[in-house]
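K.L.:
Residue numbers (this note's numbering): 14 to 394. No residue lacks a Cβ here, since even glycine has one placed at the ideal position from N, Cα and C. This structure is a prediction, so every number in the text was calculated from the model and none was measured.
#1: What did DSSP end up calling residue 126 once you bin it into helix, strand or coil?
#2: Who are the near neighbours of residue 83 in its chain, counting only those whose CB is closer than 6 angstroms to its CB and skipping five residues on each side?
#3: From 92, 351 and 345, pick the residue whose C-alpha is nearest to that of residue 35; which is it?
#4: Could you spell out where the alpha helix (DSSP H) holding residue 138 opens and where it closes?
#5: Report buried or exposed for residue 181, applying the criterion of at least 16 other Cβ atoms within 10 angstroms of its Cβ.
#6: Would you check if there are 3 or more beta carbon pairs closer than 8 angstroms linking the segment 149-164 to the segment 119-131?
#7: Can you tell me whether residue 342 is helix, strand or coil according to DSSP?
#8: Measuring CA to CA, which of 262, 377, 175 and 114 is closest to residue 124?
#9: Pop quiz: residue 76 and residue 115 are said to be a contact at Cβ under 8 angstroms. What is the actual Cβ separation, rounded to whole angstroms?
#10: Using CA coordinates, which residue listed in 377, 24, 200 and 362 is at the minimum distance from residue 134?
#11: From what residue to what residue does the alpha helix (DSSP H) around residue 267 run?
#12: What are the boundary residues of the alpha helix (DSSP H) that residue 297 is part of?
#13: Report the three-state DSSP secondary structure of residue 177 (helix, strand or coil).
#14: Apart from the five residues on each side of it in sequence, which residues of its chain come closer than 7 angstroms, Cβ to Cβ, to residue 278?
#15: Taking only the alpha-carbon atoms, compute the straight-line gap between residue 143 and residue 167 and give it to the nearest angstrom.
#16: For residue 342, is the classification buried or exposed, using 16 other Cβ atoms within 10 angstroms of its Cβ as the cut-off for buried?
#17: Put residue 62 into one of helix, strand or coil per three-state DSSP.
#18: Which same chain residues end up closer than 8 angstroms to residue 53 when comparing Cβ atoms and leaving out the 5 residues on each side of it in sequence?
#19: Which value, in whole angstroms, describes the spacing of the CA atoms of residue 307 and residue 372?
#20: Report the rounded CA-to-CA distance for residue 347 versus residue 111, giving the unit in angstroms.
#21: At 3 residues or longer, what runs of the beta strand (DSSP E) sit wholly inside the segment 151-230?
#22: In angstroms, rounded to a whole number, what distance separates the CA positions of residue 309 and residue 330?
#23: Below 8 angstroms between beta carbons: does that hold for residue 379 and residue 50?
#24: Looking only at its own chain, which residues have a Cβ that is under 8 angstroms from the Cβ of residue 204, when we skip the five neighbours before and after it?
#25: Ignore the nearest five residues each way along the sequence and tell me which others in residue 235's own chain have a CB closer than 6 angstroms to its CB.
#26: To the nearest angstrom, report how far apart residue 121 and residue 26 are at their CA atoms.
#27: Look at the alpha carbon of residue 42 and the alpha carbon of residue 387, and state the distance between them as a whole number of angstroms.
#28: Could you check how far apart the C-beta atoms of residue 325 and residue 220 are, in whole angstroms? I think they sit under 8 angstroms.
#29: If you drop the 5 nearest sequence neighbours on each side, which residues of the same chain put their C-beta closer than 7 angstroms to that of residue 334?
#30: Roughly how many angstroms lie between the CA atoms of residue 305 and residue 364, to the nearest whole one?
#31: Count the other CB atoms within 10 Å of the CB of residue 292; is the residue buried (16 or more) or exposed (fewer)?
#32: On the DSSP bridge list, what partners appear for residue 27?
#33: Residues bridged to residue 306 by DSSP?
#34: Specify, as a first and last residue, the run of the beta strand (DSSP E) that residue 256 falls within.
#35: Quick one: residues in its chain with C-beta nearer than 8 angstroms to the C-beta of residue 188, no 5 flanking neighbours on either side, listed in chain order?
#36: Within a Cβ cutoff of 7 angstroms, which residues of the same chain sit near residue 281, ignoring the five residues on either side of it in sequence?
Here it is, written out as structure tokens:
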């Protein structure tokens with residue numbers, strides 16, 4: 014056997030794969046991994062079929078089908094007042110994770126420091142480490158998981174290259190507020206600090222709150238990679254189509270990596286999504302759709318012994334189980350799947366140091382009957 018020195022020696026299989034596999038093995042209700050158990054729009058499927066029949070089955074342009082990039086540019090200007098050139102500032106990617114990896118790869122060099130806020134989606138830190146960067150994590154605490162900007166200021170030094178933000182946030186379901194934007198703007202002013210803004214849940218914000226995209230603020234837009242996805246809004250996570258927006262000087266570097274990573278993304282689906290986006294209700298109606306699911310699920314959970322944490326966005330509901338047991342969250346999540354037939358995600362998996370606040374995460378992007386069955390089982394915990 015040839016010896017191999019691992020580039021990620023501490024990294025194993027992701028918790029999402031582990032818990033979904035356990036759910037399948039046990040026949041448990043899978044509220045762990047973030048995907049719907051209902052179909053996407055039949056109209057969208059017809060559009061994909063039509064694109065295939067129309068002969069759109071070969072390589073797409075490296076940056077993506079221009080019709081789709083143009084629709085994204087129109088949507089972004091309409092929602093956030095930001096102008097992006099579809100030719101030079103928007104690239105279609107194989108999902109949000111690829112876009113995040115590509116952006117980090119494009120600009121992070123050895124010993125560059127990147128600030129992330131934990132609990133954080135698990136692809137950020139490994140990508141930083143693979144590029145030789147240094148992860149500077151700031152741990153947030155339940156129930157509100159708000160960013161302590163005075164602590165961020167202490168992390169800033171001449172090696173700080175990037176700050177990664179995620180709003181709405183996975184797994185905490187928190188969102189950025191205007192005061193957060195003001196603090197961020199003050200911190201990066203006159204600094205050579207880039208921003209990577211993970212906005213894949215941009216349309217899943219509730220109770221009339223505003224999505225504070227980096228695109229809304231010119232001083233932040235000009236230093237930001239903004240990542241979004243079509244898997245979440247269109248209930249088609251398996252298609253793995255997303256995009257990145259950035260000013261041209263950043264997008265030039267992004268595309269240098271993108272062309273050798275995937276080169277181009279699924280062609281017929283790009284044409285279909287471009288057509289689908291012309292109906293703005295396909296995304297403007299999502300907040301009401303998912304808020305109804307959130308409210309329904311929370312009403313059921315209120316009858317259990319779990320403590321509900323706030324949910325302002327995304328399709329995740331976190332709960333604290335301190336009233337039930339003092340077990341580690343990973344042990345409790347496994348026991349919950351085995352004994353009660355409901356799979357969840359232990360939130361300690363989103364902390365580099367495995368910080369355990371006795372919180373687990375459920376996904377409520379499920380049919381009503383699935384949520385009913387899950388609540389029935391959780392009532393017995």
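P.N.:
Let me lay it out:
#1: strand
#2: 99
#3: 351
#4: 137-143
#5: buried
#6: yes
#7: helix
#8: 175
#9: The Cβ separation is near 12 angstroms, so there is no contact.
#10: 362
#11: 261-274
#12: 294-297
#13: strand
#14: 73, 77, 105, 106, 107 and 254
#15: 25 angstroms
#16: buried
#17: helix
#18: 247, 248 and 249
#19: 18 angstroms
#20: 29 angstroms
#21: 173-179 and 207-211
#22: 12 angstroms
#23: yes
#24: 169 and 173
#25: 260
#26: 24 angstroms
#27: 7 angstroms
#28: 7 angstroms
#29: 319, 345, 371 and 373
#30: 30 angstroms
#31: exposed
#32: Note: residue 27 sits in no beta bridge, so no partner.
#33: BP columns for residue 306 are empty, so no partner.
#34: 255-258
#35: 180, 181, 182, 218, 222, 224, 225, 325 and 326
#36: 61, 64, 65, 69 and 70
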